[in-house]
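Step one of this worksheet: look at the structure below.
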Amino acid sequence: MTAFFDEMRAPDGVTRPAYEKVDAWLAQNSAEQLKSRADEAEAFFRRIGITFAVYGDNSAEERIIPFDLVPRVITGAEWSILTRGLEQRVRALNMFLCDIYGPGEIIRAGRIPADLVYRNVYFRPEMMGIQVPHGIYTPVCGIDIVRVGESEFYVLEDNLRTPSGVSYMLENREVTMRLFPDLFANHSVQPVEQYPNDLLATLRSIAPASAPRQPTVVLLTPGAFNSAYYEHSFLADRLGVELVEGRDLFVRDNRVFMRTTQGPQQVDVIYRRLDDDFLDPLVFRPDSILGVPGLVSAYRAGTVTVANAMGTGVADDKAVYTYIPDIIDFYLGEKPILNNVPTWRCREEEARKEVLDRLPELVVKTVSGSGGYGMLVGPASTSAQIDEFRAKILAEPDEFIAQPTLALSTCPTFVRDGIAPRHVDLRPFVLFGSSGVRTVPGGLTRVALREGSLVVNSSQGGGTKDTWVLGE
Amino acid sequence: MLLSRTAEEIYWLARYVERAENTARILDVASRLAALPAQYGSESNEWESAVLATGSAASFASAYPDASRDNVIHFLAFSTENPSSIFVCMRRARMAARAVRTAITLDMWNTINDAWLELQRYPRDGMSPRQLVQFLSFVKEACLQFDGAAFRTMLRTDAYAFFFLGAYVERTDATARILDVKYHVLLPEGEEVGGVRDYFQWSSILRAASAYSAYQWVFRDSLKPFRVAELLTIRPELPRSLAHCAQNATVFLDQLANDYGRQGPAQRAARAHHAHLQNTTIEAIFREGLHQFLLRVIKRNADLNDTITAQYLH
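So the protein sequences, as listed, match chains X and Y. Numbering of the first sequence is given in the numbering used here, commencing with residue 1 and proceeding in unit increments. Numbering of the second sequence is given in the numbering used here, commencing with residue 1001 and proceeding in unit increments.
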């Protein structure tokens, strides 16, 4: 049995300083009191309609992600290391994207295999040679981080396409402040509510040069049936921008317009929460009715900014992930501040051999998957499941990577029999605009509610917590 | 300025909530009439009239063998096949509200979302008379609360105009249909209603249009079918009369025209319709025939809906 790093209690049973007040507060509240607050929180979430859909689960068209009422605390010092690491990473990844859709120097320098980039399913040849405004491909990123020790943080995954979850960061804070004002009174917790303001400033900063001084920003959603629709409408509301669907937009003379009750209005920046595949049926999936025919052409003409840009998936793919230390070194000449999880690339023969030998202790993921679907957690799997993955890896080694089963840190969590440690991860949201990189002090903490489980995805029974970054 | 789709969702949001309330009133009236002692019973079936009044006789006939109490309650309250059932109206209203969360207020969203969650708690079959009464008053209250939330919390912008425009277009249709169900028993001018059963039927029309006590206030007279028809068609004081609805449709369309700086076919159609109702008399309506008159209103109202849709919503 591995010893897990518990964020509240040191191995000797002493409460760590950051958690002292939370611990004392937990001690004051009985399980019944906490239960009634938890019910109140659930009623609040259900009332505001913050729901998500689980694909392939018809009986539960709308569910709410369980909210755990014990906040997760990060010290100011820890946070400042995280933000420096995130900024470094996001800058390097954007330079990488500019490079691979431009001169391709990193490939010519032999620092990353050409096929990993050019034959990547997320590589978009349509983006070649386009000058992206300010060289920013990913104004909005969500970087998944796990903690395994006192000062050991790893980046688990970069989400550079359409990262979601920021509404939970904001609503979790809202509900915690409402339920536990006393808890806030005793802490100096850095606020997160400026996020929508920062996001709007970021989006406006990358509008096309031809746009008016107050560029028109819209949020493009796949529609009310999408699992993240609540977040889309929530953000549009907070940003004060129109929430549009593909059918609300059209392209004329290489410019994008929205249909309004007063006729067509030109759009300058599209914050899209729709995957590349569906954006423009003339270029990507021809059967998509969610997108806007001609959008890519208008984008190439430089009349509209699409955020995030198309083709960013090539940089958050799990195979490219393993090269990020090289990417940071190549473009910035720096050592990574935040480390990657050690990863075996199954495409390499020696690594593959080791992976196959050690399958029962490893986590195996497909390079393009997300959401916790299609992965193997060795220690939690039957030998039949392990054999199944062995066959898959042998058949398509390029498709898989493997990582050690990480000893994710644990945080105190309210469960049926009281407070118990559960494993967590962290997704901070990083904004990258023309005036620089901003990370709101907080993020989405996901918690695996089942005892011993290491899978925090909401589609797999995970919950969320409010995330506190303390003042320095 | 609004996205056309947003304006359309708001317009239909108001229509669905209005429709849910109307269906609830019609069901309420049917259950009152059905509670009359058998000696007052007639060959005509009140449950069947309720289906007629919602304008969905054809889809009812294709799905149910007869207009029994349980069948009609199920059809009007819960059937997913019936586009005017309370269940479908509330579901669509909530979907529309969800699609335009940013254009409506939090109070409106909370009201419709709470109503939708509450609706799930009622049994879909075999409601006792008492349960039915509770259910219908819950629906009516939820709709009133929703209207009130809109009235009290919405910004007075184009979204507000589209919301109430939808409500008045829907209400015109409902009032015309409620009255049309009884046109065949309408008595000539001056006649008193004949007997308890008739009285009950005419008062029930008033109740369906929430105009029962309003009648007394307007006419200070005993119940005369002739006056009931007058109240529901051309009297501008009654918030559910055709004249009142036409007047308000004109007001909200004019507000849009002012906001946008442009008059269009919808404004012209609404004004013509309103002027017609202002200038006609109840005698003229009787000469034409109430049924013909009501059919014409229903048709004009549907045309107005199409004109609004073409001008703003697509």
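In this text, a Cβ means the ideal position worked out from N, Cα and C, and glycines have one as well. From a predicted model like this one, the values you see are computed outputs, not experimental measurements.
Item                                                                                                                                                                                                              : Value
Can you confirm whether Y/Y1312, when its beta carbon is compared against all beta carbons of chain X, has any partner nearer than 8 Å?                                                                           : yes
Counting pairs of beta carbons, one from the region 308-320 of chain X and one from the region 361-368 of chain X, are three or more of them closer than 8 Å?                                                     : yes
Do we get a CB-CB distance below 8 Å when we pair Y/M1108 with the residues of chain X?                                                                                                                           : no
Assign X/R422 to buried or exposed, taking buried as 16 or more other Cβ atoms, counted over all protein chains shown, within 10 Å of its Cβ.                                                                     : buried
Report yes or no: do three or more beta-carbon pairs, one from the region 160-179 of chain X and one from the region 335-345 of chain X, lie closer than 8 Å?                                                     : no
Tell me whether X/I401 sits in a helix, a strand or coil according to DSSP, three-state version.                                                                                                                  : strand
Would you kindly work out how many angstroms separate the C-alpha atoms of X/E42 and X/S435, rounded to a whole number?                                                                                           : 39 Å
By alpha-carbon positions, which one of X/L290, X/R72, X/R204 and X/Y230 ends up nearest to X/D275?                                                                                                               : X/L290
Of the choices X/C346, X/R204, X/L356 and X/E242, whose alpha-carbon is the least far from that of X/T305?                                                                                                        : X/R204
Does the beta-carbon distance from Y/Y1016 to Y/A1093 come in below 8 Å?                                                                                                                                          : yes
Given that X/M258 touches chain Y, what residues does it touch there, using C-beta distances under 7 Å?                                                                                                           : L1003
In chain X, what lies closer than 8 Å to Y/D1158 by C-beta?                                                                                                                                                       : T261
If you draw a straight line from the alpha carbon of X/V54 to that of X/L426, how long is it in whole angstroms?                                                                                                  : With a pLDDT of only 44 at X/V54, under the threshold of 50, the placement of this residue in the model should not be trusted; the figure read from the coordinates follows. If you take the alpha carbons of X/V54 and X/L426, they lie about 21 Å apart.
Give me the Cα-Cα distance between Y/H1314 and Y/R1005, rounded to the nearest whole angstrom.                                                                                                                    : 7 Å
Report the option in Y/S1056, Y/T1102, Y/A1077 and Y/A1103 whose CA atom is closest to the CA atom of Y/R1091.                                                                                                    : Y/A1077
Thinking Y/V1169 and Y/N1082 are a contact (beta carbons under 8 Å), I'd like their distance in whole angstroms, please.                                                                                          : That belief does not hold up - the Cβ atoms of Y/V1169 and Y/N1082 are roughly 20 Å apart, past 8 Å.
Nearest chain Y C-beta to X/E78 closer than 8 Å, yes or no?                                                                                                                                                       : no
Assuming X/L295 and X/V256 form a contact by the criterion Cβ under 8 Å, report the distance between their Cβ atoms to the nearest whole angstrom.                                                                : 7 Å
Of the choices Y/L1144, Y/I1298, Y/Q1292 and Y/H1244, whose alpha-carbon is the least far from that of Y/Q1278?                                                                                                   : Y/H1244
Measure the Cβ-Cβ separation of Y/M1154 and Y/F1163 and say whether it is below 8 Å.                                                                                                                              : yes
Would you say Y/T1102 lies against chain X (beta-carbon separation less than 8 Å)?                                                                                                                                : yes
Could you work out which residues of chain X lie near Y/M1095, taking near to mean beta carbons separated by less than 8 Å?                                                                                       : A224
Quick check: is the beta carbon of Y/A1257 nearer than 8 Å to any beta carbon in chain X?                                                                                                                         : no
Does the count of Cβ pairs from the region 153-169 of chain X and the region 134-145 of chain X closer than 8 Å reach three?                                                                                      : yes
What is the rounded straight-line gap between the Cα of X/S459 and the Cα of Y/I1178?                                                                                                                             : 49 Å
Taking only three categories from DSSP, how would you classify X/T467?                                                                                                                                            : strand
Could you check whether the region 1204-1212 of chain Y touches the region 1020-1034 of chain Y, counting it as contact only if at least three pairs of C-beta atoms, one from each stretch, sit closer than 8 Å? : yes
Going by DSSP, what residues sit across from X/V440 in a beta bridge?                                                                                                                                             : Partner(s): none; X/V440 has no beta bridge.
Using a cut-off of 7 Å between C-beta atoms, extract the partners of Y/I1168 located in chain X.                                                                                                                  : The residue you asked about is not Ile; residue 1168 of chain Y is Tyr in the sequence shown. The contacting residues do not exist; Y/Y1168 stays about 18 Å from chain X at best.
DSSP puts X/Q266 in a beta bridge; with which residues?                                                                                                                                                           : X/F257
Between which residues of its own chain and Y/L1132 is the CB-CB distance below 7 Å, once the five residues before and five after are set aside?                                                                  : S1031 and I1073
Can the beta-carbon of Y/H1273 be found closer than 8 Å to that of Y/A1246?                                                                                                                                       : yes
I want to see whether chain X comes within less than 8 Å of Y/Y1011, judged by CB atoms only; does it?                                                                                                            : no
Verify whether the separation of the beta carbon atoms of Y/S1204 and Y/L1027 is less than 8 Å.                                                                                                                   : no
Assuming X/V314 and X/I270 make a contact with CB atoms under 8 Å, what is their CB distance in whole Å?                                                                                                          : Rounded, the Cβ-Cβ distance is 20 Å, inconsistent with contact.
Quick one: grab the DSSP three-state call for X/C411.                                                                                                                                                             : strand
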